[in-house]
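Student: The structure under discussion is supplied below as structure tokens; questions concerning it will follow.
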Amino acid sequence: MRIGVVTFPGSLDDRDAARAVRAVGAEAVALWHADRTLRDVDAVILPGGFSYGDYLRCGAIARFAPVMEELVPAAQGGLPVLGICNGFQILCESHLLPGALIRNDHRKFVCIDQKLRVENTSTAWTSDLELGSHIRIPLKNGEGGFVADVPTLERLEGDGRIVFRYAGKNPNGSYRAIAGITNEHGNVVGLMPHPEHAIEEGFGPSTDGLAFFTSVLSRVAA
Amino acid sequence: MGRIVVDVMLKPEILDPQGQAVAGALPRLGFEGITDVRQGKRFVLTVDGVVTDQHLARAREAAETLLSNPVIEDVVAVTAEGDA
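Protein sequences appear in the order of chains A and V. For what it's worth, this note's numbering labels the leading residue of the first sequence as 1, then goes sequentially. For what it's worth, this note's numbering labels the leading residue of the second sequence as 223, then goes sequentially.
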């Protein structure tokens, strides 16, 4: 099992994502933004950070990186892709996921252990989570407010494509408290909170993040 | 050397926290009577020679593709500098 982790200039969490991949017994394959290859991986993670310094809009320039020219058609063809934080922003800018992420409504950076409600366990990245359960993983962003027009929000609700919602206080003004969504086939998932920072006892608020990575192993093996 | 100016604004229905921060600061500095602020982006694109219709067409394409995100933003103007 080979899971690629893309590094863009300004990515921060690529190493933690690779570590999470190894923690569930898979091989982490480093992918470089300037390469036009996915190195035959079985799944891809777009990690958190500040690709291209968040210039223009978060994820706007990363979207046009050479590696994305390979990733976009592969994702449309069913390759499992997880976008975490800046990775979620890149997936939205790429139109692999609908909506966009804007500056937090309170205008401050947040860095907290965030409780999430699990609302879809049929995706490639959430099958090992329990529907309706709550998980607690880190959330750290300045531009994590999920926005979309009302028809898009209704479609996401109606199709069950909201994967995670913030539980308790809405930390960033996201419409309908949306923390993560999926595409219509369930292979592409994006979320602002960070599962890769919650995989090991003693580091982070829980080990709830592990289930994301075990889930995709089952999906690829199936 | 010609210049093309591209103006991009957040769609009216999208919350603008930066504009709100500016709106909050204005009265503290004595600028009264301003009821709302929306903050946008201006890009100035420089081309060789005078700006042609083809330059403008390509600039409009760039504005829709990279300079703005149609989910949250509108391209409000693409003009050759000096036209306006």
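A virtual CB, placed ideally from N, CA and C, is assigned to each residue, including glycine. Predicted model, so just to flag it, every value in this text is computed and none were measured.
To be precise: take each residue of the region 71–94 of chain A, compare its Cβ to all Cβ atoms of chain V, and keep it if any distance is under 8 Å. Which residues remain?
Tutor: The region 71–94 of chain A vs chain V, Cβ under 8 Å: C92, E93.
Student: Go through its chain and collect everything with a Cβ distance to A/R117's Cβ below 6 Å, but skip five positions before and after it.
Tutor: H134, R165, A167
Student: Name the residues in the region 227–255 of chain V whose C-beta lies less than 7 Å from a C-beta of chain A; which are they?
Tutor: I236, L237, P239, Q240, A243
Student: Given that a residue counts as buried once 16 or more other Cβ atoms are within 10 Å of its Cβ, and exposed if not, what is A/Y55?
Tutor: exposed
Student: Do A/L139 and A/I112 have their C-beta atoms closer together than 7 Å?
Tutor: yes
Student: Just the C-alpha distance for V/E283 and A/S94, rounded to the nearest angstrom, thanks.
Tutor: 16 Å
Student: Just reading off the beta strand (DSSP E) that A/M68 is part of, what are its end residues?
Tutor: Run containing A/M68: none in the beta strand (DSSP E); it sits in the alpha helix (DSSP H), 66–76.
Student: Using a threshold of 7 Å, state whether the C-beta atoms of V/T301 and V/V230 are closer than that.
Tutor: Not a contact, by the Cβ cut-off of 7 Å.
Student: What's the call for A/W125, buried or exposed, on a 16-neighbour Cβ count within 10 Å?
Tutor: Classification for A/W125: buried.
Student: Does the beta-carbon distance from A/A148 to A/G190 come in below 7 Å?
Tutor: no
Student: Expressed to the nearest angstrom, what Euclidean distance is found between the alpha-carbon atoms of V/H277 and V/P234?
Tutor: Distance between the alpha carbons of V/H277 and V/P234 is about 29 Å.
Student: So, do the region 262–277 of chain V and the region 209–218 of chain A have three or more beta carbon pairs nearer to each other than 8 Å?
Tutor: no
Student: Which ranges would you report for the alpha helix (DSSP H) in the region 83–152 of chain A if only whole runs of at least 4 residues count?
Tutor: 86–93
Student: Rounding to the nearest angstrom, what Cα-Cα distance links A/E130 and A/T121 in this structure?
Tutor: 7 Å
Student: So for A/G10, helix, strand or coil by DSSP?
Tutor: coil
Student: Output, in sequence order along the chain, the residues in the region 95–122 of chain A whose CB is closer than 8 Å to any CB in chain V.
Tutor: P98, G99, A100, I102, R103, N104, D105, H106, R107
Student: Report the three-state DSSP secondary structure of V/A285 (helix, strand or coil).
Tutor: helix
Student: Under 7 Å between the Cβ atoms of A/D105 and A/G145?
Tutor: Contact annotation: A/D105 and A/G145 have beta-carbon atoms nearer than 7 Å.
Student: Just curious, the beta strand (DSSP E) that A/V220 is in, first and last residue?
Tutor: Counting along the chain, A/V220 falls outside any beta strand (DSSP E), though it belongs to the alpha helix (DSSP H) covering 210–221.
Student: Taking Cβ-Cβ distances below 7 Å as the criterion, which residues of the region 290–305 of chain V are in contact with chain A?
Tutor: N291, V293, I294
Student: Please classify A/A223: is it buried, with 16 or more other beta-carbons within 10 angstroms of its beta-carbon, or exposed?
Tutor: This structure leaves residue 223 of chain A out entirely; chain A is present only between 1 and 222.
Student: So if I threshold CB-CB distances at 8 Å, which residues from the region 159–177 of chain A count as touching chain V?
Tutor: For the region 159–177 of chain A, which is checked against every Cβ of chain V, the residues closer than 8 Å are G173.
Student: Residues of the region 262–290 of chain V with a CB closer than 9 Å to any CB of chain A: list them in chain order, please.
Tutor: If the cut-off is 9 Å between Cβ atoms, the region 262–290 of chain V has K263, T287, L288, L289, S290 near chain A.
Student: Which whole-angstrom value is the C-beta distance of A/S51 and A/I90, which I expect to be below 8 Å?
Tutor: That belief holds up - the Cβ atoms of A/S51 and A/I90 are roughly 7 Å apart, short of 8 Å.
Student: Between A/R136 and chain V, is there a C-beta pair that is closer than 7 Å?
Tutor: no
Student: Would you verify that the beta carbon of A/V147 is, or is not, closer than 7 Å to some beta carbon of chain V?
Tutor: yes
Student: V/E286 and V/V298 look like a contact to me (Cβ under 8 Å); what is the Cβ gap, rounded to whole Å?
Tutor: Wrong, their Cβ atoms sit about 12 Å apart, outside the cutoff.
Student: For the region 27–36 of chain A against the region 250–270 of chain V, do three or more pairs of beta-carbon atoms, one drawn from each stretch, fall closer than 8 Å, so that the two count as touching?
Tutor: Here the region 27–36 of chain A makes no contact with the region 250–270 of chain V; the two share fewer than three CB pairs at distances below 8 Å.
Student: A/P171: which of A/L217, A/M192, A/G158, A/D16 sits nearest, CA to CA?
Tutor: A/M192
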